[in-house]
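Engineer:
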Amino acid sequence: MRITVLTLSLETIKTAILLVWALWLSMVTLMNMLEALKAMKTLPESFKTSSNWSLMLRVTQTYPTPVWLVATLFALVIVWETLATVALWVALLSGIPEVATTALGLLTLLWGGFMLANQFYMAWLTDPGLVAAHRSLFGVSLMSLLAYRLL
């Protein structure tokens, strides 16, 4: 009996890493954009979105943080996500390793920023799962960056 083994080239694995992140971050960014529209009352309250706006409002209550500042931070997150998403798609379509490094670096730094915000706002008091999620996303994105560069 002959057993056939499926083999993947390193280039296919590297492409898959970029594709998974590009698709996933595209969805996250879109959901956060819709969440922002919902917060601005452009979309109905019943519209299903990320709920990240209400999450940010809850976490930032540790200190008296004005809503305009939370809105600014949320907008900056969306801008950063958009930049990282575009960079991931450009990296995927261009196949240029330096672009991939930049894209995966932007992604990793996004989660690093959330880890810093979690520490500042002591998010573990209001949502310990959030802290664990951001730490995991930081680790997985960093592993993706290292895997891409080392393969």
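Using the numbering used here, the final residue of the sequence shown is 991, and nothing's skipped along the way. All residues carry an ideal CB built from backbone N, CA and C; glycine is no exception.
Of the choices L895, M983, L874, whose alpha-carbon is the least far from that of S886?
Structural biologist: Ranking the options by Cα distance to S886, first place goes to L874.
Engineer: Can you list, in chain order, the residues of its chain with a C-beta nearer than 6 angstroms to that of T925? Leave out the 5 residues immediately preceding and following it.
Structural biologist: So the list reads L865, S866, T869, once near-sequence residues are dropped.
Engineer: Could you tell me the distance, in whole angstroms, from the CA atom of G969 to the CA atom of T905?
Structural biologist: Using only the alpha carbons, I get a separation of about 22 angstroms.
Engineer: Can you give the Cα-Cα distance for D967 and T942, rounded to whole angstroms?
Structural biologist: One C-alpha to the other measures close to 30 angstroms.
Engineer: Per DSSP, what kind of secondary structure is P937 in: helix, strand or coil?
Structural biologist: Helix.
Engineer: Go through the region 902-934 residue by residue and report every complete run of the alpha helix (DSSP H) that reaches 4 residues or more, in order.
Structural biologist: Entirely contained in the region 902-934, the alpha helix (DSSP H) runs reaching 4 residues are, in chain order, 907-934.
Engineer: Taking the beta carbon of E921 as the centre, do at least 16 other beta carbons fall within 10 Å, making it buried, or is it exposed?
Structural biologist: E921 comes out buried.
Engineer: If you draw a straight line from the alpha carbon of I918 to that of R842, how long is it in whole angstroms?
Structural biologist: If I take the Cα positions, the gap works out to 52 angstroms.
Engineer: Going by the CB atoms, is the gap between K854 and L991 shorter than 8 angstroms?
Structural biologist: Yes, the pair counts as a contact, with Cβ atoms nearer than the cut-off.
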